[in-house]
Amino acid sequence: MTLLWYLSLLFLISILVVVAVKHTKRPWRQQPPCPPGLPIIGNLHQLGELPHQSLWTLSKKYGPVMLLKLGRVSTVIVSSPETAKQVLKDYDLHCCSRPSLEGTRKLSYNYLDIAFSRFDDYWKETRRLCVQELFSSKRVRLIEPIKVGEMRKLIDSITESASQETLVNLSEKFLSLNVSVICKAAFGVNFQGTVLNNERFQDLVHEALEILASFSASDFFPYIGWIFDWFTGLHARRERSVRDLDAFYEQMIGLHLEKNREGSEDDFVDLLLKLEKEEAVLGYGKLTRNHIKAILMNILLGGINTSAITMTWAMAELARNPRVMKKVQSEIRNYIGGKNNKTRIINLDETNRLNYLKMVIKETWRLHPVAPLLVPREVTCEFHINGYTIQPNTRLHVNIWAIGRDPRIWKNPEEFFPERFMDCDIDVIGQDFELLPFGGGRRICPAMYMGITTVEFGLANLLYHFDWKLPDGVTAKDINMDEGSGLTSHKKHDLLLVPV
């Protein structure tokens, strides 16, 4: 009996020794600081209506690397150029995947999983195809006639308002310009004679972006969150939005198959349909109709309103800062020369030489990045930031809105002062982590060149052709600069100015 007792004790001690040895060999994991949360929901209640601003406030207390518990989802927020560099460059391969959004899986349109794909061979092939056929500098040059034609229409409509000194809703004008250019260049669609008109299409895009940005319990509470989405009506609203978009894709594809549209040249949709017919392999499998719809959704929701948002913010800041407005208009008009008339359209080569205009746009992106938290990433391999362990399956956001207001980097960060970029080499192409409007690393925006040239082209022409004044009784201080909630950081209230 005594021998059995000793053997049992020896066996127990051996197990404890083995466990202790394994524990000492395991690397010590220090998690980033985390604000106190509530049971079940964690830190969800601390996000607020504008999460990027709430997270900026929290980062002042908890540092540039911060862990949040959003329901059952662990999320890390980085808020400094140094930590952004580690995420987007040093450990880019460890966290370049996309999180799986459970809310989209409950919908009856199975191409949504493809549209929000993770980082794999399919995504890389799709990106290469889109850049080569749609977003490259060569392709952007080829669609310049489309931009010129749409800009002439816009100038004509504003000229009519100027003759009567009536208000112009620049938020709507910029979005309409973008919709027309993107849809004609990428989709070959002219809204005249189709089921959807331009205004209805804009409403469709607005609704889709708002739905994507809305809180979905399914994404934070797996297995049970979908019940909450059903009761709140979010699921039905999301289903209706995607159904309307799907009808648009079907109509557009039908027009291409019938060749019943304006012009005879093949466009991007024709190319995709050709690849489908040839059973081309894209990544992990053959290109299908669902893949085509997924690609069109990415282009539609990612490219339609982003440039319009930037142009709206830029004009709002110029209206609030008459000194900057006068200076940038002087640069444009002195360089272009000639008589100011509605037939004169400033082209891409000319906008490329307008250095102060470029500074104005950079300053706009610093203060008003379109995607203030970038699109979320998901960690696939463990790595460390500032000594903190970032574990797999963690979601990760880069708060570029907070970086743009960091007083350690920017003097008087709340001031709109384009001259700060005069003797500064910081650019927006993803290599300088103080300014990241297009993101960085493998997930950098593939349409970056197209976005930059679109903003420069639109602003240069409207600033060249018109002076702009505020409505009667409104001063620069009265301009409301509140941000609207949603997937993008857009101006909450439309920008109304009088063209002269």
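Here the sequence shown stands for residues -20 to -1, 1 to 480, where the numbers follow mature numbering (1 follows the signal peptide of the UniProt record, and there is no 0). Even glycine gets a Cβ: it sits at the ideal position worked out from N, Cα and C. The structure presented is a predicted model; accordingly, all values stated were derived computationally and were not measured.
- request: Below 8 Å on the Cβ atoms is my guess for residue 536 versus Phe248; work out the distance and round it to an integer in Å.
  value: There is no way to answer for residue 536, as the model of the chain reaches only from -20 to 480.
- request: Given a cut-off of 7 Å, decide if Ile406 and Glu414 are closer than it, judged by their beta-carbon atoms.
  value: At a Cβ-Cβ threshold of 7 Å, Glu414 and Ile406 count as neighbours.
- request: Could you tell me whether the segment 267 to 280 touches the segment 135 to 148, using the rule of 3 or more Cβ pairs below 8 Å?
  value: Taking a contact to require three or more Cβ pairs closer than 8 Å, the segment 267 to 280 and the segment 135 to 148 do not qualify as touching.
field: Coarse secondary structure for Trp390, derived from DSSP in three states
entry: Three-state DSSP puts Trp390 in coil, outside helix and strand.
task: Excluding the 5 residues preceding and the 5 following Lys127 in the sequence, name in chain order all residues of the same chain whose CB lies nearer than 7 Å to its CB.
output: For Lys127, where only same-chain residues beyond five positions count, the Cβ hits under 7 Å are Val161, Phe437.
field: Three-state secondary structure assigned by DSSP to Tyr368
entry: DSSP places Tyr368 in strand when its eight states are reduced to three.
DSSP state of Ile20 mapped onto helix, strand, coil: Ile20 falls in the coil class under three-state DSSP.
query: Among Ser39, Cys404, Gln411, which has the Cα closest to the Cα of Met339?
result: When each option's Cα is compared against that of Met339, the closest is Cys404.
- request: Just confirm the distance between the C-beta atoms of Thr331 and Glu297, as a whole number of angstroms; I'd bet it's less than 8 Å.
  value: Contact flag wrong, Cβ pair sits at about 19 Å.
task: Grab me the residues of Arg119's own chain with a C-beta within less than 7 Å of its C-beta, minus the 5 sequence neighbours each way, in chain order.
output: Non-local C-beta neighbours of Arg119 in its own chain, meaning closer than 7 Å and more than five positions away in sequence, comprise Glu113, ordered along the chain.
According to DSSP, residues forming a beta bridge with Gly265: DSSP, once it has assigned bridges, lists Leu262 as partnering Gly265.
With 16 other Cβ atoms within 10 Å as the buried cut-off, status of Ile373: Looking at the sequence provided, one finds Asn at residue 373 rather than Ile. Exposed, because fewer than 16 other Cβ atoms sit within 10 Å of the Cβ of Asn373.
- prompt: What's the gap between the Cα of Val67 and the Cα of Ile316?
  reply: Val67 and Ile316: Cα-Cα distance of roughly 42 Å.
message: To the nearest angstrom, how far is the alpha carbon of Tyr(-15) from that of Arg9?
response: Bear in mind that the predicted position of Tyr(-15) carries a pLDDT of just 47, short of 50, making it unreliable; the figure below should be weighed with that in mind. Rounded to whole angstroms, the gap between the alpha carbons of Tyr(-15) and Arg9 is 37 Å.
query: Can you name, in chain order, every residue of its own chain whose Cβ lies under 6 Å from the Cβ of Met428, other than the five neighbours on each side?
result: Counting only Cβ-Cβ distances below 6 Å, and skipping sequence neighbours, we find Phe418.
- prompt: alpha helix (DSSP H) containing Met339: first to last residue?
  reply: Run containing Met339: 335 to 347, per the alpha helix (DSSP H) assignment.
- request: Give a yes or no on whether the C-beta atoms belonging to Leu237 and Leu255 are separated by under 7 Å.
  value: At least 7 Å separates the beta-carbon of Leu237 from that of Leu255.
task: Run through the segment 189 to 243 for me and flag every whole beta strand (DSSP E) of 3 or more residues, listed as ranges in chain order.
output: Qualifying beta strand (DSSP E) stretches: none in this window.
Residue nearest to Leu467 in terms of C-alpha spacing, selected from Gly213, Met305, Ser196, Asp447: Out of Gly213, Met305, Ser196, Asp447, Ser196 has the C-alpha closest to the C-alpha of Leu467.
query: What is the C-beta distance between Ile383 and Ala64, in whole angstroms, given that I count them as a contact (C-beta under 8 Å)?
result: About 6 Å separates the Cβ atoms of Ile383 and Ala64, confirming a contact at the 8 Å cut-off.
field: Asn149, DSSP secondary structure in three states
entry: Strand, per DSSP.
- prompt: Just to confirm, does Leu281 get its C-beta within under 6 Å of one of the non-hydrogen atoms of the ligand COA?
  reply: By its list of ligands, the structure shown contains no ligand whatsoever, and the ligand COA lies outside what it can speak to.
- request: State the beta-bridge partners of Thr55 as determined by DSSP.
  value: According to DSSP, Thr55 bridges with Leu48, Arg375.
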